[in-house]
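Undergrad: Quick one: structure below, then a few questions.
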Amino acid sequence: MKGETPRHAAPLVRARRVVVKVGSALLVGGDSGRVNRAWLETLVEDLLRLRKRGQQVILVSSGAIALGRGRLGLRAGALRLEQSQAAAAVGQMRLIAAYKELLEEHAVTVAQMLLTLEDSERRRRYLNARATLEALLELGALPVINENDTVATAEIRYGDNDRLAARVAQMAGAECLVLLSDVDGLYSADPNRDPRARIVPEVRHITAEVEAMGGRSASQVGSGGMTAKILAAKIAVAAGCHMCIAAGHHRHPLRRLEEGAPCTWFVPSATPVAARKQWIAGTLRPAGSITIDAGALRALLEGKSLLPAGVTAARGRFERGDTVSVLTADGAEVARGIVAYSDADAARILGRRSSEIEQLLGFRGRDEMIHRDDLVLVRDAAAAAETSAAAHPA
0 MKGETPRHAA
10 PLVRARRVVV
20 KVGSALLVGG
30 DSGRVNRAWL
40 ETLVEDLLRL
50 RKRGQQVILV
60 SSGAIALGRG
70 RLGLRAGALR
80 LEQSQAAAAV
90 GQMRLIAAYK
100 ELLEEHAVTV
110 AQMLLTLEDS
120 ERRRRYLNAR
130 ATLEALLELG
140 ALPVINENDT
150 VATAEIRYGD
160 NDRLAARVAQ
170 MAGAECLVLL
180 SDVDGLYSAD
190 PNRDPRARIV
200 PEVRHITAEV
210 EAMGGRSASQ
220 VGSGGMTAKI
230 LAAKIAVAAG
240 CHMCIAAGHH
250 RHPLRRLEEG
260 APCTWFVPSA
270 TPVAARKQWI
280 AGTLRPAGSI
290 TIDAGALRAL
300 LEGKSLLPAG
310 VTAARGRFER
320 GDTVSVLTAD
330 GAEVARGIVA
340 YSDADAARIL
350 GRRSSEIEQL
360 LGFRGRDEMI
370 HRDDLVLVRD
380 AAAAAETSAA
390 AHPA
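Letter by letter, the sequence shown follows residues 0 to 393 of numbering that gives the first Met the number 0.
Structure, rendered in structure tokens:
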């Protein structure tokens, strides 16, 4: 039917939250070292269309080093680390200025976030970055994210924004990640060498055969080849996120996808929330435990979050972001979840209302001890609730 979205584009259209990654080769016009403004204007129009239909959008954009090196007079070829960092410092200003100018013409607030590998690997940094992303999206801003090349050394770098984009999608709980690149998908072989090579439209399992299809980037200014994109796909699908590799050099690249342009989709076996809960449930050794009352247990069984008011005790040593066991008064484990407070802070606010948290701790934390999206019930939770109710009648 005319106007109907092709089936393969459904993840992009239906996703509540979308991450779009833009490669340097698309953003920087050839040897000019300048923003390809004509193309960028069409991408911005695509992003605005997604937002207009109620989708939240995060942009992961390369291009800072490519934009900065020309301004500094650094010739083509490999740069020393300090030269790359200097180019990034100059280019990042031009990169965010381009996005700011085009998006704020349409009353969209742009936010800049710079991340390193450590920010997604170290728990506290990860939680802070995730909280910042959530706040920006709730406030209607469009985050533009890049690797923090000005401070990152070889040991703490991604080196490509494909994997960074996948980590951002994981961090944000996005349902869809689109990698816009200088290639239009994963091919069965190198299309530059094998005329029989065909694009692979869908990948449901990343096998050794799929990994062997990865090749090197043909781009002069980009750093992420197909191997990096497959590694990104592993991260994305494990987090329950659909990931697409698509050509981005055409105008309106996202609209082309929705109209049926060739691409490769990596398909997860679960949603982001389900994948996250599978990971929580699979934690072998929870860091500690919290005990809840019968009212809190009923709330959990109804799919609600765990509030401090329903917590009666906290045991063990744990930090914000650790997985803990949730126990009944009889000691039966009914759930596991990612706790929003350390053991010390949890002990100070247990049994108290969420409105009292700031006064008790001196800072405004989350209203929930464990948010429902970060909590998974164990198989025998309902039976434990019946036993607890019989032993501790209201």
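Ideal placement from N, C-alpha and C gives every residue a C-beta, glycine not left out.
Would you say L185 and I279 are within 8 Å of each other, going by their C-beta atoms?
TA: Indexing the sequence shown from 1 puts residue 185 at position 186. Indexing the sequence shown from 1 puts residue 279 at position 280. Cβ distance not < 8 Å, so L185 and I279 don't count as in contact.
Undergrad: I'd like the span of the beta strand (DSSP E) that includes S324, first residue to last.
TA: Residue 324 sits at position 325 when you count from the first residue of the sequence shown. That run of the beta strand (DSSP E) goes T322 to L326.
Undergrad: So what does DSSP say about Q55, is it helix, strand or coil?
TA: By one-based count along the sequence shown, residue 55 stands at place 56. Strand.
Undergrad: With DSSP as the reference, please indicate the residues paired to H370 in a beta bridge.
TA: Reading the sequence shown from its first residue, position 371 is the one you call residue 370. For H370, which the question treats as bridged, DSSP gives no partner whatsoever.
Undergrad: Would a check of beta-carbon distances place Y125 closer than 8 Å to chain B?
TA: In the displayed structure, chain B is absent; only one protein chain is listed.
Undergrad: Within 10 angstroms of the Cβ of D329, are there 16 or more other Cβ atoms? Answer buried if so, exposed if not.
TA: Position 330 of the sequence shown, counted from the start, is the residue given in the question as residue 329. Exposed, since its Cβ has fewer than 16 Cβ neighbours within 10 Å.
Undergrad: Give every residue of the same chain whose Cβ lies closer than 6 Å to the Cβ of E301, excluding the five residues on either side of it in the sequence, and list them in chain order.
TA: Position 302 of the sequence shown, counting from 1, holds the residue named residue 301. Cβ within range, chain order: n/a, list empty.
Undergrad: For the candidate residues A269, V272 and G315, whose alpha-carbon lies nearest to that of T290?
TA: Mapped onto the sequence shown, residue 290 falls at position 291. Nearest option by C-alpha distance: G315.
Undergrad: For Q111, write down the residues that DSSP places opposite it in a beta bridge.
TA: As a first step, residue 111 is located in the sequence shown; it is residue number 112 there, counting from the start. Q111 pairs with V143.
Undergrad: Which parts of the stretch 36–103 are runs of the beta strand (DSSP E), unbroken and 3 residues or longer, counting only runs that do not cross its ends?
TA: 55–60, all fully within the stretch 36–103.
Undergrad: Determine the DSSP secondary structure at R297, reduced to helix, strand or coil.
TA: Translated into the one-based positions of the sequence shown, residue 297 becomes position 298. The answer is helix: DSSP assigns R297 an H, G or I state.
Undergrad: Taking its Cβ as the centre, do 16 or more other Cβ atoms sit within 10 Å of G336, making it buried, or is it exposed?
TA: By 1-based counting over the sequence shown, the position of residue 336 is 337. Counting Cβ neighbours within 10 Å, G336 comes out buried, since at least 16 surround it.
Undergrad: Where do the N-terminal and C-terminal ends of the beta strand (DSSP E) with V333 fall, by residue?
TA: Start at 1 with the first residue of the sequence shown, and residue 333 comes out as number 334. V333 -> beta strand (DSSP E) spans E332 to I337.
Undergrad: Would you mind sorting T115 into buried or exposed? The rule is 16 or more other CB atoms within 10 Å of its CB.
TA: The residue given as residue 115 occupies position 116 in the sequence shown. Buried, by the Cβ-count rule.
Undergrad: Residue range of the alpha helix (DSSP H) that V12 falls in?
TA: The residue given as residue 12 occupies position 13 in the sequence shown. Looking at the DSSP string, the run of the alpha helix (DSSP H) that includes V12 is A9 to R13.
Undergrad: Could you tell me the alpha carbon to alpha carbon distance between R50 and P10, rounded to whole angstroms?
TA: Position 51 of the sequence shown holds residue 50. Position 11 of the sequence shown holds residue 10. The straight-line gap from Cα to Cα measures roughly 15 Å.
Undergrad: What span of residues does the alpha helix (DSSP H) with K276 cover, start to end?
TA: For the purposes of this step, residue 276 is taken as the residue at position 277 of the sequence shown. Where K276 is concerned, the enclosing alpha helix (DSSP H) stretches over P271 to A280.
Undergrad: Quick check: N160 and L113, are their CB atoms within less than 8 Å of each other?
TA: Position 161 of the sequence shown, counted from the first residue, corresponds to residue 160. Position 114 of the sequence shown, counted from the first residue, corresponds to residue 113. No, the Cβ-Cβ distance between N160 and L113 is not below 8 Å.
Undergrad: Go through the stretch 219–251 residue by residue and report every complete run of the alpha helix (DSSP H) that reaches 4 residues or more, in order.
TA: Within the stretch 219–251, the complete alpha helix (DSSP H) runs of at least 4 residues are 225–237.
Undergrad: What's the C-alpha gap between V377 and G281?
TA: By 1-based counting over the sequence shown, the position of residue 377 is 378. By 1-based counting over the sequence shown, the position of residue 281 is 282. Answer to the nearest angstrom: the Cα atoms are 11 Å apart.
Undergrad: Given that a residue counts as buried once 16 or more other Cβ atoms are within 10 Å of its Cβ, and exposed if not, what is A128?
TA: What you label residue 128 is simply residue 129 of the sequence shown in a count that begins at 1. Under this definition A128 is a buried residue.
Undergrad: Count the other C-beta atoms from every protein chain shown that fall within 10 angstroms of the C-beta of H105, then say buried if there are 16 or more, exposed otherwise.
TA: As a position in the sequence shown, residue 105 is number 106, starting the count at 1. Counting Cβ neighbours within 10 Å, H105 comes out exposed, since fewer than 16 surround it.
Undergrad: Can you tell me whether S268 is helix, strand or coil according to DSSP?
TA: Counting from one through the sequence shown, the residue named residue 268 turns up at place 269. Correct three-state label for S268: coil.
Undergrad: Tell me the rounded alpha-carbon separation between I369 and L176.
TA: Translated into positions along the sequence shown, residue 369 becomes position 370. Translated into positions along the sequence shown, residue 176 becomes position 177. C-alpha separation (whole angstroms): 27 Å.
Undergrad: Tell me which residues share the same chain as S288 and place their Cβ nearer than 7 Å to its Cβ, disregarding the 5 neighbours each side in the sequence.
TA: For the purposes of this step, residue 288 is identified with residue 289 of the sequence shown, where counting begins at 1. These residues qualify, in order along the chain: R314, G315, V323, S324 and L326.
Undergrad: What first and last residue would you give for the beta strand (DSSP E) that runs through V21?
TA: The residue labelled residue 21 in the question sits at position 22 within the sequence shown. Start and end: R16 to V21.
Undergrad: In chain order, what residues of the same chain have a beta carbon less than 6 Å from the beta carbon of T270, not counting five sequence neighbours either side?
TA: Here residue 270 corresponds to residue number 271 of the sequence shown, with the count starting at 1. Here the set comprises G239.
Undergrad: Measure the Cβ-Cβ separation of R162 and I234 and say whether it is below 8 Å.
TA: The residue you call residue 162 lines up with position 163 of the sequence shown. The residue you call residue 234 lines up with position 235 of the sequence shown. A contact, by the Cβ cut-off of 8 Å.
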